[in-house]
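**Q**
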Amino acid sequence: MENIIEIHHLEKSFGDLKAVCDLSFRVKEGELFAFLGVNGAGKSTTMNIITGFLSATSGTVSIDGYDILNDPIKAKSRIGFLPEIPPLYVDMTVREYLDFVYDLKKTTLPRKPHLDEIVKLVKIDAVQNRLIRNLSKGYRQRVGIAQALIGNPDVLILDEPTVGLDPQQIIEIRTLISKLGKN
1 MENIIEIHHL EKSFGDLKAV CDLSFRVKEG ELFAFLGVNG AGKSTTMNII
51 TGFLSATSGT VSIDGYDILN DPIKAKSRIG FLPEIPPLYV DMTVREYLDF
101 VYDLKKTTLP RKPHLDEIVK LVKIDAVQNR LIRNLSKGYR QRVGIAQALI
151 GNPDVLILDE PTVGLDPQQI IEIRTLISKL GKN
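Just so you know, our numbering puts 70 at position 70 of the sequence shown, and the rest follows in order with no gaps.
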């Protein structure tokens with residue numbers, strides 16, 4: 001298996017505060033990888049650097065062989081990202097939002113079958129015609145995961161996907177993540 005994510009000597013400073021210090025690791029294709037640590041340990045900062053939303057002070061990030069700084073379009077096109085707070089447009093229905101993200105990502109897969117497959121996979125088919133504002137936190141997380149899956153990215157990065165969910169929703173999201181990890 002080849003490395004799909006490679007991080008070498010990653011550092012990020014905010015003034016005098018060092019949020020990430022000399023971090024290096026590799027993730028191979030098909031692996032599930034998790035960051036564990038206390039609040040303020042640099043987990044979200046690292047994920048934001050990997051996805052290209054934040055630049056590093058030093059070090060390199062490569063996604064599927066593409067450097068996030070030197071070839072950001074190719075690197076980012078291989079990433080699906082769910083930030084800690086999903087970027088949802090609450091005045092849209094679930095399906096309208098997924099159509100919007102499909103266009104935003106310039107996805108070339110057949111629209112209806114691709115979105116239908118994702119909606120079924122994350123179990124939001126029953127709410128796809130509802131306004132996002134009327135959904136529970138659990139369903140909003142599922143919509144966030146659905147948008148991250150659009151385009152069948154090689155890398156899926158989820159930042160605290162179960163935060164704020166009830167115990168049953170946590171089990172469901174973890175089961176979904178485990179299922180996604182098999183593919």
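Think of the CB as a built atom: it goes at the ideal place given N, C-alpha and C, for glycine as much as any other residue. Since this is a predicted model, take the numbers as computed values, not measurements.
Any idea what DSSP makes of Lys-28, helix, strand or coil?
**A** Looking at Lys-28 - three-state DSSP - the assignment turns out to be strand.
**Q** How big is the Cα-Cα spacing for Phe-53 and Ser-44?
**A** Each residue's Cα considered, the two are about 11 Å apart.
**Q** In the DSSP assignment, find the unbroken beta strand (DSSP E) run with Val-155 in it and report its ends.
**A** 155-158 is the span of the beta strand (DSSP E), which, as asked, contains Val-155.
**Q** List in chain order: all unbroken alpha helix (DSSP H) runs of 4+ residues lying wholly within the segment 110-152.
**A** Runs of the alpha helix (DSSP H) inside the segment 110-152: 111-121, 137-149.
**Q** State the DSSP-derived secondary structure class of Ala-75, mapped to helix, strand or coil.
**A** Ala-75 falls in the helix class under three-state DSSP.
**Q** Between Lys-12 and Thr-46, is the Cβ-Cβ spacing less than 9 Å?
**A** Yes, they are a contact pair.
**Q** Using alpha carbons as the reference points, say which of Ser-58, Ile-177, Glu-2 lies closest to Ser-24.
**A** Closest by alpha carbon: Ser-58.
**Q** Starting from Val-94, trace the alpha helix (DSSP H) in both directions and tell me its first and last residue.
**A** Here the alpha helix (DSSP H) through Val-94 covers 94-104.
**Q** Looking at Leu-82 and Leu-180, is the spacing between their C-beta atoms short of 9 Å?
**A** Not in contact: Leu-180 and Leu-82 (Cβ atoms no closer than 9 Å).
**Q** The ligand ATP and Pro-83: does any heavy atom of the ligand fall closer than 8 Å to the residue's C-beta?
**A** Ligands displayed in this structure: none; no statement on the ligand ATP is therefore possible.
**Q** Quick one: grab the DSSP three-state call for Ile-50.
**A** Note: Ile-50 maps to helix in three-state DSSP.
**Q** Measuring CB to CB, does Ala-75 end up less than 9 Å from Tyr-89?
**A** Going by C-beta atoms, Ala-75 is not nearer than 9 Å to Tyr-89.
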